[in-house]
Amino acid sequence: MSSSSLLQASISSSSSAFFANTKINFNNRAQNVSLPAKPVGVCTCVATPQAEKTAFKTQVSRNVNIAKLQAGYLFPEIARRRAAHLQKYPDAQVISLGIGDTTEPIPEVITSAMAKRSHALSTLEGYSGYGAEQGEKPLRAAIASTFYDNLDIEEDDIFVSDGAKCDISRLQVVFGSNVTMAVQDPSYPAYVDSSVIMGQTGEYQKAVEKFGNIEYMRCTPENGFFPDLRTVSRTDIIFFCSPNNPTGSAATREQLTQLVQFAKDNGSIIVYDSAYAMYMSDDNPRSIFEIPGAKEVAIETSSFSKYAGFTGVRLGWTVVPKQLLFSDGFPVAKDFNRIVCTCFNGASNISQAGGLACLSPEGLKAMHEVIGFYKENTNIIVETFESLGFKVYGGKNAPYVWVHFPGRSSWDVFSEILEKTHVVTTPGSGFGPGGEGFVRVSAFGHRSNVLEACKRFKQLYK
Ligand SMILES: Cc1ncc(COP(=O)(O)O)c(C=O)c1O
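So in my numbering, spot 356 of the sequence shown is number 1308, and the numbers just go up one at a time.
Here it is in structure tokens:
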């Protein structure tokens, strides 16, 4: 049996046992149990029937908010389909341009700083245990001066973390269940899912493929992927990602100025996700704090994941300016600090050494080189689809290419591409109903894989 079929067997046997109908049929049980006619000195061990072993249920009710989530988080679902495809075609050379995980090695100037820090932990002088929950001072200072120079963001406005995704959920804990939220549609799924889990939303409405009580801000080619704010209802929180995952579009200075004004008019807080800011080619803001007045209405979260290949190392940060206040005048940063201290014990000291190396002159140069490599991949993918006559968006300011398949279901196109080319992409509708009819192709891949995938796309759609 191959390792994948072994895995499958173990998953299906344990999961079917786990999900077994737990109603116990006492009549059947009675038939299966053989009682000894008379006591004897030998004890016979009879295996407990499977159903009886797994029938126990606790008295804890399931979190109703988690129960509202649909199917599963998008990317595990794609991984599941990829695994199923491999089962069907064990010899297929599957290429993944799907989940958006980085593929290129971390530059050595960065890993050597992590190795040094790691070795120092074996010495009395170099050992350190728990660090500051908010991150090490030199790294906070380096983030402030590298990404927010002249923007009046100070070292203590920056909270170093184990990644932007984790910070999105910690921010949701700060906001609690009593707020309303808006998201770009389509958008990175963590905003909606964390909002559902926190109980900020209503039930999932299958007919419209939306959760109740979330404001979906439609972003389409027709509106240049920037929502028409005149039609957007007021919410407490506005999640906004630029450059955007999945559409690859980036908001202009004028658009972000409108967004900040909209938040001010409504007394809302913007959670601005700038995880791809270093991919920007156009002259658009790299940070929301480039917009005057943003510090009173915005938080920014970002990450080393896509800049330095830190998706596995884990390091990010969130900026919560002191000027940002709740309606009672209490600083949002103080509550965020409280949650960080309660739910998190600080980013790994080894990752932080890597982060500091990323922001040295050599580290910055090395990061730009890796980003440049992925941007070349993006160009190859864009040119491929354009040469096939597809309308293609994104790519210029983000490592994602948003390909339009008008009138078709995204999951159908995803399946067609996987079945016929063995290339994993991401169905646009997984990012919200506004993504229907699109497929996202990620530029994270080895060059040979990107070229091979594009060759297969050309064969399929010629
Ligand atoms: C828009 C966006 N924000 C955040 C993240 C997660 O970043 P991290 O690895 O820092 O948790 C991703 C990852 O794909 C992303 O696309």
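Where is the CB? At the ideal position from N, CA and C, for every residue including glycine. These figures come from a predicted structure and were not determined experimentally.
| Item | Value |
| --- | --- |
| Just to confirm, are I1221 and I1251 a CB contact at a threshold of 8 Å? | yes |
| So, using beta-carbon positions, are P1198 and G1389 closer together than 8 Å? | no |
| For Y1345, which beta-bridge partners are listed by DSSP? | W1354 |
| At which residues does the alpha helix (DSSP H) containing C1293 begin and terminate? | 1284-1295 |
| Within 7 Å: the Cβ of T1378 and any heavy atom of ligand 2? | Absent from the structure shown: ligand 2. Ligands present: ligand 1. |
| For ligand 1, list every residue whose C-beta falls under 5 Å from any of its heavy atoms, going in chain order. | G1052, G1115, A1116, K1117, Y1140, C1193, N1197, D1225, A1227, S1255, S1257, G1268 |
| For C1193 and G1200, what's the separation of their Cα atoms in angstroms? | 10 Å |
| Taking the DSSP output, what are the residues bridged to C1171? | Its beta-bridge partners do not exist; DSSP assigns none. |
| Pop quiz: I1195 and M1232 are said to be a contact at Cβ under 8 Å. What is the actual Cβ separation, rounded to whole angstroms? | For the record, residue 1195 in the displayed sequence is Pro; it is not Ile. Yes, they are in contact, since the Cβ atoms of P1195 and M1232 sit about 6 Å apart, within 8 Å. |
| Throw me the rounded Cβ distance for the Q1275 and K1247 pair, which I believe falls under 8 Å. | 4 Å |
| How long is the line joining the alpha carbons of T1153 and V1125, rounded to whole angstroms? | 14 Å |
| Taking Cβ positions, are L1091 and G1359 nearer each other than 8 Å? | no |
| So if DSSP puts A1134 in a beta bridge, which residue, or which two residues, is it bridged to? | E1167, I1190 |
| Just to confirm before moving on: does the CB-CB distance between I1051 and I1030 stay below 8 Å? | yes |
| For V1265 versus S1303, is the C-beta distance shorter than 8 Å? | yes |
| Determine the direct distance from the alpha carbon of D1225 to that of E1371, and round the result to whole angstroms. | 34 Å |
| To the nearest angstrom, report how far apart A1116 and G1315 are at their CA atoms. | 20 Å |
| Enumerate in chain order the residues of its own chain whose CB-to-CB distance from A1134 is below 6 Å, with the five nearest sequence positions on each side excluded. | E1167, M1169, T1187, I1190 |
| Whole angstroms are fine: how far does the CA of M1150 sit from the CA of T1098? | 34 Å |
| Which runs of the alpha helix (DSSP H) fall wholly inside the stretch 1237-1281 and span at least 4 residues, in chain order? | 1257-1260 |
| Mind checking whether Q1011 and N1289 have CB atoms under 8 Å apart? | no |
| Go through its chain and collect everything with a Cβ distance to S1064's Cβ below 6 Å, but skip five positions before and after it. | none |
| Looking only at its chain, what residues have a beta carbon closer than 7 Å to the beta carbon of G1164, apart from the 5 residues adjacent to it on each side? | T1153, G1154, E1155, Q1157 |
| Under three-state DSSP, which class holds D1225? | strand |
| For V1393, report the span of its beta strand (DSSP E) as first-last. | 1390-1394 |
| Quick check on Y1231: does DSSP put it in helix, strand or coil? | helix |
| By a C-beta neighbour count over all protein chains shown, 10 Å radius and 16 as the cutoff for buried, is S1400 buried or exposed? | exposed |
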